[in-house]
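What follows is one structure encoded as structure tokens, with my remarks underneath.
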Amino acid sequence: MSNQESSMKSTKLAVAAGFLFAALGGYAGAQEPHGQELVQQCVDLAKTREGASLGTHLVDANNAERYVEGQPFELKVALQGHGNTFYNLHCTVAADGEVSFNGYAEAGVPAD
């Protein structure tokens, strides 16, 4: 292989790697914070309305990665309770991004 062929192959590889990193970095940067912001709003609204009955539990699971901006969405957030109890929060995200808390259910597994 000549130096020119080797250089061209290296350039193609570098360009492909750059596109991959940009795509992954852009996706993570654009999706993760907004989804987590919605989850936090849901948890905050639930704690404001339900108070001590929810206590202070860690978020175990949520479906925020399925959220599409500008579309109405049913947000589900599972808080880990004591033992094998989960508090499955049900929130709605309106098309304009406003989050509403609709209630919660206690269960032995996190909601899908």
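Quick note, the sequence shown lines up with residues -30 to -1, 1 to 82 if you use mature numbering (1 follows the signal peptide of the UniProt record, and there is no 0).
For each residue, glycine too, the CB sits at the ideal point set by N, CA and C.
- Quick one: measure Cβ to Cβ for Tyr57 and Leu45, integer angstroms, because I've assumed they're closer than 8 Å. Working through the sequence shown from its first residue, we reach residue 57 at position 87. Working through the sequence shown from its first residue, we reach residue 45 at position 75. About 14 Å separates the beta carbon of Tyr57 from that of Leu45, a gap too long to meet the 8 Å contact definition.
- Item | DSSP-derived helix/strand/coil call for Ala30 | Sequence index remark: in the sequence shown, residue 30 carries index 60 (1-based). Correcting the residue type first, residue 30 is Asp in the shown sequence and not Ala. In the structure shown, Asp30 sits in a strand (DSSP, three-state: E or B).
- Task: Select from Ala81, Val79, Gly5 the residue whose C-alpha is nearest the C-alpha of Glu39.
- Result: Working through the sequence shown from its first residue, we reach residue 39 at position 69. Nearest of Ala81, Val79, Gly5 to Glu39, Cα basis: Gly5.
- Query: What are the start and end residues of the beta strand (DSSP E) that includes Tyr50?
  - Reply: As a position in the sequence shown, residue 50 is number 80, starting the count at 1. Looking at the sequence itself, residue 50 is Gln, so the reference to Tyr does not match. Run containing Gln50: 43 to 50, per the beta strand (DSSP E) assignment.
- Distance, Glu68 Cα to Ala75 Cα: Residue mapping note: residue 75 aligns to position 105 of the sequence shown, counting from 1. Residue mapping note: residue 68 aligns to position 98 of the sequence shown, counting from 1. Ala75 and Glu68: Cα-Cα distance of roughly 22 Å.
- Query: How long is the line joining the alpha carbons of Thr62 and Asn32, rounded to whole angstroms?
  - Reply: Indexing the sequence shown from 1 puts residue 62 at position 92. Indexing the sequence shown from 1 puts residue 32 at position 62. In a straight line, the C-alpha of Thr62 is about 13 Å away from that of Asn32.
- Task: Sort Gly25, Pro42, Ala65 by Cα distance to His52 and report the nearest one.
- Result: Working through the sequence shown from its first residue, we reach residue 52 at position 82. Of the listed residues, the one whose Cα sits closest to His52 is Gly25.
- Enumerate in chain order the residues of its own chain whose CB-to-CB distance from Leu8 is below 7 Å, with the five nearest sequence positions on each side excluded. Working through the sequence shown from its first residue, we reach residue 8 at position 38. Around Leu8: Ala34, Tyr37, Leu45, Val63, Val69.
- Message: On the CB-based measure, 16 or more other CB atoms within 10 Å of its CB, does Leu59 come out buried or exposed?
- Response: Start at 1 with the first residue of the sequence shown, and residue 59 comes out as number 89. Under this definition Leu59 is a buried residue.
- Message: Whole angstroms are fine: how far does the CA of Ala16 sit from the CA of Thr10?
- Response: Numbered from 1 along the sequence shown, position 40 holds the residue referred to as residue 10. Numbered from 1 along the sequence shown, position 46 holds the residue referred to as residue 16. Contrary to the premise, residue 10 reads as Gln rather than Thr in this sequence. Looking at the backbone, the Cα of Gln10 and that of Ala16 are separated by about 10 Å.
- According to DSSP, what are the bridge partners of Glu76? Against the sequence shown, residue 76 aligns to sequence position 106. Bridge partners of Glu76: Tyr57.
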